[in-house]
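Below you'll find the structure, written out as structure tokens, and then a few comments.
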Amino acid sequence: MAEIALRELEQRMRTEHLTKDELQRYFETDPGASPAPFFPGLRIRTDVVAMPPPGPRTLGVGSGLARWIIRARREERDRWFTDKRRTDPNAKVVVSDGDSWFLHPLLYDVIDRLAGICAIKSLDWPGDELQTIASLKEYLPALEETGATVLLVSAGGNDLVANGKLADHLNEYAPGMTADKLLRPSYDKLIATSMRRYADIFRTALAVELVDQIVCHGYDYAIPGVNGEPGRWMERPMASRGIDDPGLRREIATIMVDRFNNALWKAAGGGQNLRIDYLDLRGTLGDHQWSDELHPKEDGFLAVAGRFRQILRI
13 MAEIALRELE QRMRTEHLTK DELQRYFETD PGASPAPFFP GLRIRTDVVA
63 MPPPGPRTLG VGSGLARWII RARREERDRW FTDKRRTDPN AKVVVSDGDS
113 WFLHPLLYDV IDRLAGICAI KSLDWPGDEL QTIASLKEYL PALEETGATV
163 LLVSAGGNDL VANGKLADHL NEYAPGMTAD KLLRPSYDKL IATSMRRYAD
213 IFRTALAVEL VDQIVCHGYD YAIPGVNGEP GRWMERPMAS RGIDDPGLRR
263 EIATIMVDRF NNALWKAAGG GQNLRIDYLD LRGTLGDHQW SDELHPKEDG
313 FLAVAGRFRQ ILRI
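So that you can map any letter, position 235 of the sequence shown is 247 in our numbering, and since no number is skipped, the others follow by simple counting.
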């Protein structure tokens, strides 16, 4: 039997600070409802929330409830940051600016796992694009105001899947075609554009005197149509080009992830810039640790956070 009416839940979200655990009680992820790459689809748990008929369950990026969920997460992190600086004045001060690998609306993500160790000023937003991060440069005033020595960046995943238009960068399948022949040259242009934006972020952040470490990461090997869920960002575009073999789809995804990672490693200085650390996450997640095509499950986020802890030396 439902515990709370939708109207009451909406009121609580407007007037109270709901914790991650409370949000997980009222909402759940819905891979088929993802409104944009790296913005996880959400739906209301109708076993807990009483919905007025017809009561749509899924929440898009423009949904008022979805915005309230993300706002609640950001407010919670601001409290964590303030409390950490007060109770542990010697804690490493960090600014994070990234997508849903850094702020997942419901799952305990990378920043959630690091927040108890560092004082993290989180600028993260699900679905945040590299273009937006590079143009707004919200990280600059945050670095200056907090005196942070570290910037964490998670971005470019939208470009990795062509921002929902992957089919435009795939050739039509013909018998005998290999994975590398199915990706069009235009895909490499997408990656090149992403790296120019990363270079701009690196250049401007390194101009902040106190910053002694920037950490960026490539993504792990995503699986088209993982867990039997509808794969909106990879599986469906591939199917639209006649690419039906699961093994071939996975080979294409592997090439995409490799090209992104290799380009990011070069943009970060190829290991020669001592203030930029590129984190190679390939091979970190097992097949069972993916929640959908683009996001780890909570144990996957825990594994990724462990890699960040190593490179941050905390």
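Each residue gets a CB set at the ideal place from its N, CA and C atoms; glycine is no exception.
With distances taken from CA atoms, which of T27, S303, E15 and D232 is nearest E87?
The shortest C-alpha separation from E87 is found at T27.
What residue does the alpha helix (DSSP H) around T27 start on, and which one ends it?
That run of the alpha helix (DSSP H) goes L18 to T27.
Going by DSSP, name the residue or residues bridged to E40.
Residue pairing by DSSP places E40 opposite R55 in a beta bridge.
Hey, V334 and L142: beta-carbon distance below 8 Å or not?
As shown, the chain starts at 13 and ends at 326. That puts residue 334 outside it, with no answer to give.
Cβ distance (whole Å) where I132 is taken to contact V106 below 8 Å:
Between I132 and V106, the beta carbon gap of about 5 Å places them in contact (Cβ cut-off 8 Å).
On the DSSP bridge list, what partners appear for I81?
The beta-bridge partner set that DSSP reports for I81 is empty.
Hey, which unbroken runs of the beta strand (DSSP E) at 3 residues or more fall wholly within the segment 132–201?
Segments of the beta strand (DSSP E) lying fully in the segment 132–201: 162–166.
Any idea what DSSP makes of W245, helix, strand or coil?
Coil.
7 Å CB neighbourhood of A61 in its chain, flanking five on each side removed
It should be pointed out that residue 61 corresponds to Val in this sequence rather than to Ala. A14, I16, L18, L21 and Y38.
Please report the distance separating the alpha-carbon of G243 from that of E305.
In this model, G243 and E305 are separated by some 6 Å (Cα to Cα).
Just to confirm the assignment, what range does the alpha helix (DSSP H) spanning D257 have?
In the DSSP assignment, D257 falls outside any alpha helix (DSSP H), carrying neither H nor E.
Anyone know if the C-beta pair for A211 and L163 falls short of 8 Å?
No, Cβ-Cβ distance for A211 and L163 is not below 8 Å.
Report all residues from its chain with a CB closer than 6 Å to the CB of W277; omit the five preceding and five following residues, and keep chain order.
Only Y290 meet the Cβ criterion.
Does the Cβ-Cβ distance between Y233 and R294 come in under 8 Å?
For the 8 Å CB-CB criterion, Y233 and R294 form a contact.
Beta carbon of L155 nearer than 8 Å to that of W137
No. Outside cutoff.
If contacts are defined as beta-carbon pairs under 8 Å, then D121 and F313 qualify, I think. What distance do you get, rounded to the angstrom?
Rounded, the Cβ-Cβ distance is 5 Å, consistent with contact.
Where does the unbroken beta strand (DSSP E) through I226 begin, and where does it stop?
If you look at I226, you'll find it in the beta strand (DSSP E) that goes Q225 to H229.
Mind reading off the beta-carbon distance from Y151 to R253? Whole number of angstroms is fine, and I expect it under 8 Å.
By a beta-carbon distance limit of 8 Å, Y151 does not contact R253. Their separation comes to about 37 Å.
From the DSSP output, in three-state form, read off W302 for me.
For W302, the secondary structure class from DSSP, reduced to helix, strand or coil, is strand.
How would you label L172, buried or exposed, when you count the other beta carbons within 10 angstroms and need 16 or more for buried?
With 16 or more other Cβ atoms within 10 Å, it is buried.
How many Å lie between P153 and L194 at the Cα?
Spanning the alpha carbons of P153 and L194 requires a straight line of approximately 43 Å.
Which residue wins for smallest C-alpha separation from N285, given the options S134, P49, Q225 and S108?
Distance from the Cα of N285 is smallest, within the candidate group S134, P49, Q225 and S108, for Q225.
So what's A62 in DSSP terms, helix, strand or just coil?
Note: A62 maps to strand in three-state DSSP.
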